[in-house]
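Numbering (the numbering used here), first residue to last: 12 to 303.
First the structure, in the form of structure tokens, and then the observations on it.
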Amino acid sequence: MNTDLTTQTSAAPTPKKQTVRRVALRRGVVLRTLPALVLIALAVAGPWLAPHVIDAPVTAPYAEPGGGAPLGGDQLGRDVLSRLLAGGRELIVTSLFVAVLVTAAAALLGAVGALRPAVGRIVERSADVLMLLPAVLGILLVALSWPGGGRLAVIAAAVVMGVPYAVRLVAGAAAPVAASGYIEAAAVGGERLWHLVVREVLPNLRATLLALFGLRFVAAVYVVATAGFLQVGPQPPAADWALMIRENSGGIVLNPWAVLAPSIAIGLLAMSVNLAASALVPTTGRKAVTAL
């Protein structure tokens, strides 16, 4: 018994080790969030950083990189670099808006469903039905039913397709919280449903909701980019990464960068935001499991 206590005491981290661990953790968080911040900053400031007017020809169509066009020209001779810098802002803003809406709706529906099983069953059955709808088909249905919707139609499609997946995740995480003793005590004490949701359940799901926000942002990037590729939302001659891929796919042999540059930008954006979200998730739960 004494040996076990001595072993546990000696294994306890010293204050110096704890400080080093905290510094290393903060550096890791900075390194994992920095790419996302840089990409978002470039996308927001891109229109002012563009070396040329985004809708004016400066080269021959599908010109190779060189001269005043480091990434060459597109199908109309417009500077690919300028359109790349200007084409990400709307995608990022729309994806952020969709991620916020989906996460908020899923948080409320999932928490209410966990506290009220009858409501939870209705939410889950509705989510099961909506999850059967493929993303591309959902975008096309919204586009056909709302021809002049533009960006609002894309947001509506992304939210409708994103909430079912998110609400099931939140409901699963909220179920053990809703069944805990202090929630039952608060309910017996006469606390209202919205008080239980906002003050008791959701604060205990911060890590889950933060991770969910990152995942839904990545999914929103995919949906919004797919909609742009299908020309649902921004229309030519707007500078948009998905539109650039669609418009220049016919000349990929002549100037691959007209297609590769926006494709790489979309991929880097999705990966960097996912890394940033995972880095910002609180690690208290993982430390507790490791200590055991």
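The beta carbon of each residue, even a glycine, is placed where N, CA and C say it ideally should be.
Quick caveat: nothing in here was measured; it's all calculated off a predicted structure.
Query	Result
Determine the contact status of A74 and A67, defining contact as a CB-CB distance below 8 Å.	no
Taking the straight line between their C-alpha atoms, what separation do you get for A288 and A115?	16 Å
Starting from R179, trace the alpha helix (DSSP H) both ways and give me its first and last residue.	162-189
Taking the alpha helix (DSSP H) that R7 belongs to, which residues open and close that run?	Because the chain is modelled from 12 through 303, residue 7 falls outside the range shown and cannot be assessed.
Report back the beta-carbon spacing between S260 and L50 to the nearest angstrom; my notes put them in contact at under 8 Å.	Their Cβ separation, rounded to whole angstroms, is 23 Å, which puts S260 and L50 out of contact at 8 Å.
Identify every residue that forms a DSSP beta bridge with R1.	The shown model of the chain, from 12 to 303, leaves out residue 1, and the question about it has no answer.
Given that a residue counts as buried once 16 or more other Cβ atoms are within 10 Å of its Cβ, and exposed if not, what is S191?	exposed
Helix, strand or coil: which one does DSSP assign to T294?	Confidence at T294 is low in this model, with a pLDDT of 49, below 50, so the placement of that residue should be treated as unreliable; the coordinate-derived value is given next. Coil.
On the premise that V153 lies in contact with A138, defined as a C-beta separation below 8 Å, what is that separation, rounded to the nearest angstrom?	Contact doesn't hold; Cβ gap of about 18 Å is too wide.
May I have the straight-line CA-CA distance separating P187 from A197, to the nearest angstrom?	15 Å
So, A110 versus F224, is the Cβ gap smaller than 8 Å?	yes
Does DSSP classify T20 as helix, strand or coil?	Low local confidence applies: a pLDDT of 45 at T20 is under 50, so the model's placement there is unreliable, with the coordinate-based value given in what follows. If DSSP states are grouped into helix, strand and coil, T20 belongs with the helices.
Less than 8 Å between the C-beta atoms of A230 and G173, yes or no?	yes
If we ignore side chains and look at the alpha-carbon of each, how far apart do Q19 and L220 end up?	Since pLDDT at Q19 reaches only 46, below the 50 mark, its modelled position is unreliable, and the value read off the structure follows with that caveat. Rounded to whole angstroms, Q19 to L220 spans 35 Å at the Cα level.
Anyone know if the C-beta pair for G99 and W252 falls short of 8 Å?	yes
What's the C-alpha gap between F240 and L148?	14 Å
So for G159, helix, strand or coil by DSSP?	coil
Which whole-angstrom value describes the C-beta separation of G88 and P72, a residue pair presumed to lie in contact below a C-beta threshold of 8 Å?	5 Å
How would you label V134, buried or exposed, when you count the other beta carbons within 10 angstroms and need 16 or more for buried?	buried
Helix or strand or just coil, what does DSSP make of G77?	strand
Opposite G84 in the DSSP bridges: which residues?	D90
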